[in-house]
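Read the first sequence against my numbering and you will find it ends at 488, with the numbers running on by one and no gaps.
Below is one structure, written out as structure tokens; the observations come after it.
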Amino acid sequence: MSSRSKDFPVPRNSCIGAASQRGPLDGAIFWNVRPPKHKGSTMPKETAPTAPETAKPAPPVATIAKIGQHEGQSVTLRGWLYNLRESGKLLFPIFRDGTGSIQGVAHVKSVTPEVFEALKNLTQESSVIVTGKVRADKRAPGGYELDVEDLQVVQRVPESDPYPITLKEHGVDFLQERRHLWVRSPRQSAILRIRAEIMHAAAEYFDSNGYIRTDPPILTPAACEGTSTLFPVDYFGEPAYLTQSGQLYVESTALALGKVYSFGPTFRAEKSKTRRHLTEFWMVEPEVAYMDLEGLMELAENYISHIVQSVLKNRTAELQVIGRDVTKLETVKPPFPRLRYDEAAEMLNQAYKDGHLEAPFEYGNDFGSPDETWLSSLYDRPVMVHRYPANVKAFYMEPDAKDPRYALCVDVLAPEGYGEIIGGSQRVSSYELLSARIDEQKLPREAFEWYLDLRRYGSVPHAGFGMGIERVVAWVCALDHVRETIPFPRMLHRMYP
RNA sequence: UCCCCGGUAGCUCAAUGGUAGAGCGUUCGGCUGUUAACCGAAGGGUUGCAAGUUCGAGUCUUGCCCGGGGAGCCA
């Protein structure tokens, strides 16, 4: 910020402006709209700042989301100016407060000259505390408007350095460089609210079904799978890595507590530059003792359905803001279609013959991204592909007793081309087999001794999966890219802000 | 690591090898119901960097830098 040559003439900025730099305004309650006349730079205390002697009852502080409860009353809103339109002697400021936005109306004769001038000179994203009367209006998108009565400017954005993100179109690079401001825009705010609902529902399902949350370490001594690239860190002179999965650790706690889950960030140093990849992402990983692959698939379909239905129920307004076609989500209920790998492979071969796929599918390989997109496009809900060839899957996956060439594993593919959101399996329970697998794949045996202990002492069949939160958010919100699903995405070549 | 596309005003983008432009934002003026308001005016440029071809390069060539999309790998 630089000069303030055009600051409006109401002498209150020196006090409020300085205070606003000291810290957040949370907790500061302005009962009166006139500013207290402090000489210093301290904020008013939380308890009522100076009330004028002739005070009428102070209007209650309201949020825009629940403004309808105050129809016909005067309320105080604390927020920011989103946009300002004017038409002669009429001003139409749009305020936002984090819960929503509402249009204010001020006529030159309906407010004091000071308030009218202050409002007229407001700049985008200036922070304001505004008082006005709530009025239902059919023209308003949210159903209500605010007839402005009084205004306090907390911090005015100077026009010499205007808020960079306008209501018009911007490019991806420009917005990502300003992610710290971009999150204020209605669409981004709505996405983050939906993300929060997804994370809440993801934990709630397990918490209310007897699962114990046991979070694994983020600093780890070795790779879980060895295939992906890890972020190395210096751990007091020893090499350590940021976790790429907590699976091995939740296997341990599952054998202690029965049903467990973990929920936290994971890190992968893959040099992937696609719309589905972040280097830092959040994963939720349940693990259950005595569960087999069938049980795991039932869990997965119930789990995903619960999450999607929770978003539909609790985030209706946000889904509307982002323009999501909710009919595509309403169908997400159990049971999900299930395909054996072999069936899916046949379908892919046919799709190639029919010209739906550019590249032929080679039996025995894992599915490519276009393959997953094609398969998932055939269904109105997630599809579960199970029993992949064991040799393309991880060392810890249990072979199918009926045919050991296949692994007891499942991938859940989200519809509308969003691809894999869950990968899971029944785990090898035999010490001998797991030990042999570790040697075959030339994994560092010392690092896995503790993991082998789980098969030495009371080994049982058990199963679990990992679900990537950002991919679920991208699917539920129908986003083009996972970079919009997390407040501050970490990607190949992007660490700022 | 590989393949494709792009980089011009604060932003989004135009410009046949021949005078660098528009809309928005900003500033000034107008409008009593605007919905990314509208109307009029002003200000705003080392065309990513470097070299080359040419009478002349935003435009063609080469190298580099930065960004986007995709493949592989994965959630």
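For glycine and all other residues, C-beta sits at the position ideal for the given N, C-alpha and C.
Close Cβ partners of residue i (< 8 Å) along its chain, the five nearest in sequence each way excluded
i	result
Y422	L443, R446, R447, S450
S92	I55, Y73, I85, F86, G133, P177
P51	H61, Q64, V66, T67
E407	K319, S367, S368, W466, A469
V473	R266, R267, H268, L269, F272, E461, R462, V464, A465, P480
L303	L310, V317, L320, E321
L210	V224, Y226, A231, Y232, L233, T234
R436	I429, D430
For residue i: DSSP bridge partner residues
i	result
M482	R485
V463	DSSP lists no partner for V463.
Q94	I85, E136
A231	V224
S78	L81
F439	Paired residue(s): none; F439 is not in a bridge.
V121	L68, L142
M338	According to DSSP, M338 bridges with nothing at all.
V279	K250, A454
S180	BP columns for S180 are empty, so no partner.
S416	C400, G455
D394	D391
L210	L233
W273	P256
Contacting residues, own chain, Cβ-Cβ under 7 Å from residue i (five flanking each side not counted)
i	result
A342	L348, W365
P207	T234, G237, Y240, V241, S253
H297	A192, Y196
L142	V106, A109, L110, V119, V121
F258	F222, L233, T234, Q235, T270, E271
R306	R184, I185, E188
R396	P380, A381
H171	P488
R331	H377, R378
P326	E292
M458	M274, V275, I412, I413
L404	E363, L366, S367, P373, V374, V376, G410, E411
Rounded distance between the beta-carbons of residue j and residue i, thought under 8 Å
i	j	result
V139	V102	6 Å
E501	F439	No answer is possible for residue 501: it lies beyond the span of the chain, which begins at -8 and ends at 488.
Q417	A392	With a Cβ gap of about 10 Å, Q417 and A392 do not count as contacting.
V144	Q115	Not a contact, Cβ separation roughly 13 Å.
L483	K344	Rounded, the Cβ-Cβ distance is 36 Å, inconsistent with contact.
Own chain, CB closer than 6 Å to residue i, minus 5 neighbours either side, in chain order
i	result
M288	M375, V401
K250	G201, Y202, V279
F358	none
L339	F352, D362
A469	R315
A97	L82, L110, V139
V323	S296, V299, R372
Length of the line joining the Cα atoms of residue i and residue j
i	j	result
E475	T157	18 Å
E292	P328	10 Å
P373	E168	34 Å
G63	I120	19 Å
K264	D198	35 Å
I460	A194	11 Å
A245	G286	15 Å
A231	V224	5 Å
D152	N356	55 Å
N112	Q146	12 Å
L425	P380	17 Å
G89	W71	9 Å
T270	M282	31 Å
S117	P104	19 Å
P212	Q94	55 Å
E337	H377	14 Å
K129	A308	18 Å
A260	M486	13 Å
D471	Y409	10 Å
K124	Y135	10 Å
D333	L399	13 Å
Y370	T205	34 Å
R69	G346	57 Å
T419	I429	Per the sequence presented here, residue 419 reads as Val, with Thr not at that position. Their backbone Cα atoms lie some 11 Å apart in a straight line.
I477	S360	22 Å
R76	K159	15 Å
K384	Y354	14 Å
G79	A131	20 Å
Inset, instruction - Decide yes or no for the touch test of the segment 181 to 191 against the segment 304 to 321: beta carbon pairs closer than 8 Å, at least 3 of them. - result: yes
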